[in-house]
Amino acid sequence: MATKATKKLTPMIRQYLDIKSQYPGHILLFRMGDFYEMFFEDAEIAAKILDIALTSRSHKSAGERIPLCGIPYHALSSYLAKLVRAGRKVAICDQIEDPRQAKGIVKRAVTRVVTPGLVIGSDDLLDEKDNNYLMGVYLADDEYGFCLCDLSTGEFRIGQHESLEDLADEWVRAEPAEIILPEGLQDDPRVAQLQQALPGRFLTFQSPDTFDLDDARARLTEQFPRFEPNDELAPAMCAAGATLIYLQMTQKRELAHLREIIVDRSGAFLVLDEAAKRNLELTANLRDGGRRDSLLAVLDETRTAMGARLLKRWITYPLVQPEPIRGRLDAVAELVQRRADREALGEAMETIHDLERLAGKIGLASCNARDLVSLRVSLARLPDLQAALAVFESPLLRELVESLDLLEDIRGLLDNAIDDEPPITVREGSLIKSGYDEQVDELRHIARSGRGIIAEIEQRERQRTGVTSLKVRYNNVFGYYIEVSKANLHLVPEDYTRKQTLVNAERFITPELKEIEEKILTAQDKLSELEYDLFTQVRQIVADQVERIQTSARVVAQVDVLACFALLAETRGYCKPTVGPDDTLDIKDGRHPVVEVAFKEERFVPNDAFLDIGDNRLLLITGPNMAGKSTYIRQVALIVVMAQMGSFVPASSCHVGVVDRVFTRVGASDNLARGQSTFMVEMTETADILRNASRRSLIVLDEVGRGTSTFDGLSIAWAVAEFIRDEQHVGARTMFATHYHELTDMARTLPGVRNFNISVKEWNDDILFLRKIVPGATSRSYGIQVARLAGLPPQVIDRAKEVLANLEAVEYDEVGHARIAKRQSEEGKPKTGQLQLFAGAPSPVEEEIRAMDLDGLTPLEALRALVRLQEKCKK
3 MATKATKKLT PMIRQYLDIK SQYPGHILLF RMGDFYEMFF EDAEIAAKIL DIALTSRSHK
63 SAGERIPLCG IPYHALSSYL AKLVRAGRKV AICDQIEDPR QAKGIVKRAV TRVVTPGLVI
123 GSDDLLDEKD NNYLMGVYLA DDEYGFCLCD LSTGEFRIGQ HESLEDLADE WVRAEPAEII
183 LPEGLQDDPR VAQLQQALPG RFLTFQSPDT FDLDDARARL TEQFPRFEPN DELAPAMCAA
243 GATLIYLQMT QKRELAHLRE IIVDRSGAFL VLDEAAKRNL ELTANLRDGG RRDSLLAVLD
303 ETRTAMGARL LKRWITYPLV QPEPIRGRLD AVAELVQRRA DREALGEAME TIHDLERLAG
363 KIGLASCNAR DLVSLRVSLA RLPDLQAALA VFESPLLREL VESLDLLEDI RGLLDNAIDD
423 EPPITVREGS LIKSGYDEQV DELRHIARSG RGIIAEIEQR ERQRTGVTSL KVRYNNVFGY
483 YIEVSKANLH LVPEDYTRKQ TLVNAERFIT PELKEIEEKI LTAQDKLSEL EYDLFTQVRQ
543 IVADQVERIQ TSARVVAQVD VLACFALLAE TRGYCKPTVG PDDTLDIKDG RHPVVEVAFK
603 EERFVPNDAF LDIGDNRLLL ITGPNMAGKS TYIRQVALIV VMAQMGSFVP ASSCHVGVVD
663 RVFTRVGASD NLARGQSTFM VEMTETADIL RNASRRSLIV LDEVGRGTST FDGLSIAWAV
723 AEFIRDEQHV GARTMFATHY HELTDMARTL PGVRNFNISV KEWNDDILFL RKIVPGATSR
783 SYGIQVARLA GLPPQVIDRA KEVLANLEAV EYDEVGHARI AKRQSEEGKP KTGQLQLFAG
843 APSPVEEEIR AMDLDGLTPL EALRALVRLQ EKCKK
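This note's numbering puts the last residue of the sequence shown at 877; the count rises by one with no breaks.
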């Protein structure tokens, strides 16, 4: 940035540079009238990001031209979104005094800082169906604390993990927009490991002092009076304390909507790591990373933004304790049974706006009058929701109806105070309803009826004086005045004060006229100011009750998700699962919840699944490509996730012995950014499973060892399967889909291993996929038939058949080459080549063994033959 001596700069530029120096690394938006201006390097950077003109301003005193660009203040939101998405921190500097009353340069100050994790009330930056988390992270030697805060909704959670891997899983599930870390850890390998789990996150490094435990304890108890500090949560509190400091530094205001701190206890949720979340396509598809064709997309029948966000959280944080799971399932069951009452709930929620984000804007004093109208409209629907909810009897729904606060006092205040159709801005009047405040009504009457008031005065003065030609006029010099012709001067009352003499008339003023003049001329300004003051008073009253709004918002969100589950159960034929603390997973006629919705043109074939930690511990699943092995094993995992989040599931019946973690190893992909080949990614994911799985886990393996040579891969796959099956190591319920048919031999020797295959029907060298899983193993993958379906040329298909036949016959040519190396075009060529180790003539020992009548030998003769053969070998 330019650094000329400050005495050579204009007062405005000096003010800009002084404020800018306090926010290094930020784009400073400097309010000047109706625009936000940017100067120097900020202007050059922003002009490129925003695609706006970069100009310059002459600065004679500094002997240079200053780069600048600007944006209209009323279009701030869209431009701000572009800057934040480009990874820029933005400091918004506003005028903090009325320019008309300023003496010298207008006072300005940064009123808030916006970063990816500090977005509120912006449709351009916030997805209504997603939380926007700011995550504070504290890395101790053996414990890792975290804090998750959504500034837009007021959600504030803390927790901690004992391993960096578990913290990385938390990072992946929460998908924070911004992460706060202690300064000095930029090159720490632990941070690099976290970034690998979820790359592209915006990192902010704060002074290590902000992570101080004593300071955190004091700040948390001040912000959350009901929170009881616990030294067992020390790492989590350190992360939370730093997060609060960051919020207070950037928002420059009271965080009134942060009222409750939620402690996420370790082990309370089913753990889904990055691989599981990705491979099961829980919230995003593998194709392009979008929401379409994900589990979230096909389950989202919610009616409110709050419900949509809660649904996503329930999908990524399923429960592990049977009782709360059953509570949700019982509520869904009753909602299914009482369809008409459920539909009444839906109608009541239809026009409820995003109460959580409205509460956030109100608590941060950033809402406008239209937001308060949206709140009022939403509150007006709560009595209907309460009435519809009151008829249900399941414990969870009873608990929700009792927690629902109708906020009748707030609704009454907003009904009386806020105009039904207020403007977006809050400084230009038309905010307050008529009848709410007498002074507003008077000023509004004056401002709107100025001419009528003057006409009334004129008519009254004519009657009082008897001067029918009397006129009330206005000019810029004298303001309002009464003009009387000279012929009628003798009728002028004593309270008239002469102001000006003309040739044919005299001009007068009266105390009443001056008072009315003052009111008329200043009425609009006074009205706008008074309405803004009253609006801020109303907003503060509502802000004082923001916790009640948040409570009702949470009730609405839960009712919305539960009703969504009931609708899905009814329309898609889902069943109510049973859950328990046992180790059995028993699914009858299970279906893939996404595939059956996304591919309706083909009837989905349901399949059973039974796993336990006894005889059905490891299911080896073989079958052709494209037959449905991957779909089958993933649908089992998805059914478990759905059951443990409290949803009905796509099956005719289902029992889930709750699992603590779901692990997946699916498909082949590389990660060139990390320098990892396909095989390295495969082995890394497999190693993570073997290291972290427990007997209560569910493991889904779709090919292991396919990224290397056949013998290496087969050996690894066999060893991995043995390790998982062994209860001394893992012993978890596992589904292992593979093309290594040799693995099926494990079922003959190892207890707990069962073979299954996806059946097909062969017809004229073609195959028909039956999509049905049946007991037993298969020895063929039908890859050539699938290759034909894919459109490979006939010459390639025919040659592949020949090669396969040779391999299956283990045929070798005269010089020891496998016949896979021989082509038809080589038939007439001489047979040359180096003899192979095992391609020579049989030895005399071999010939003698072949000639023996082993069935006719006595034990003594056999012993003598063995000695004789041994002697021959010695020679």
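Ideal Cβ positions, reconstructed from N, Cα and C, are used throughout, including at glycine.
Assign residue i to one of two classes, buried (16 or more other C-beta atoms within 10 Å of its C-beta) or exposed (fewer than that).
i	result
D497	exposed
H163	buried
D421	buried
A721	exposed
E873	exposed
I760	buried
F394	buried
Q461	exposed
P608	buried
F601	exposed
T736	buried
C875	exposed
T503	exposed
T860	exposed
V817	Annotation note: pLDDT 44 at V817 (below 50); position unreliable, coordinate value reported separately. Under this definition V817 is an exposed residue.
R773	buried
T206	buried
Closest to residue i by C-alpha separation, out of the options, would be which residue?
i	options	result
D704	A278, I455, G292	A278
L82	P626, D126, A236, T57	D126
A719	T746, A695, R735, E729	T746
D216	A49, W316, V683, A241	A241
Y483	E463, V755, I775	E463
L621	G733, T212, A179	G733
P227	L196, I264, F213, F204	I264
H259	S405, I247, A789, L153	L153
A559	Q195, P425, M239, D356	D356
F681	H657, V658, G707	G707
Q542	C369, S845, E724	C369
Which residue marks the beginning of the alpha helix (DSSP H) containing residue i, and which one marks its end?
i	result
T467	452 to 467
M351	341 to 351
R110	Run containing R110: none in the alpha helix (DSSP H); it sits in the beta strand (DSSP E), 110 to 116.
If you measure between the beta carbons of residue i and residue j, is that distance less than 8 Å?
i	j	result
L640	L613	no
R328	L337	no
G592	Q539	no
R779	H741	Here the sequence assigns Ala to residue 779, which means Arg is not the residue at that position. Cβ atoms of A779 and H741: not closer than 8 Å.
L888	L321	Here the chain has residues from 3 to 877 only, and residue 888 is not among them.
V139	I181	yes
L38	L31	A quick correction: the sequence has Tyr, not Leu, at residue 38. Contact flag set, yes.
T252	V115	yes
I21	R90	no
A555	A346	no
G35	W316	no
A525	I448	yes
C577	V651	yes
A350	R383	yes
L529	G431	yes
P626	V805	no
G309	V563	yes
Between which two residues does the beta strand (DSSP E) harbouring residue i extend?
i	result
L141	135 to 141
Q162	157 to 163
V581	580 to 582
T736	735 to 739
T503	499 to 503
D214	Looking at the DSSP string, D214 is not in any beta strand (DSSP E), and its letter there is neither H nor E.
D96	91 to 97
A507	507 to 511
* Asked: Which runs of the alpha helix (DSSP H) fall wholly inside the stretch 293 to 336 and span at least 4 residues, in chain order?
  -> Runs of the alpha helix (DSSP H) inside the stretch 293 to 336: 297 to 301, 307 to 318.
* Ignoring anything shorter than 4 residues or poking outside the stretch 371 to 396, list the alpha helix (DSSP H) runs there in chain order. => 371 to 381, 384 to 391
* Asked: Enumerated in chain order, which unbroken segments of the alpha helix (DSSP H) with a length of 4 residues or greater are wholly contained in the stretch 246 to 298?
  -> 276 to 281
* Tell me the start and end of each unbroken beta strand (DSSP E) in the stretch 613 to 638 that is at least 3 residues and wholly inside, in chain order. => 620 to 624
* Complete alpha helix (DSSP H) runs within the stretch 186 to 212 (minimum length 4 residues, chain order) -> DSSP runs (the alpha helix (DSSP H)) wholly in the stretch 186 to 212: 191 to 199.
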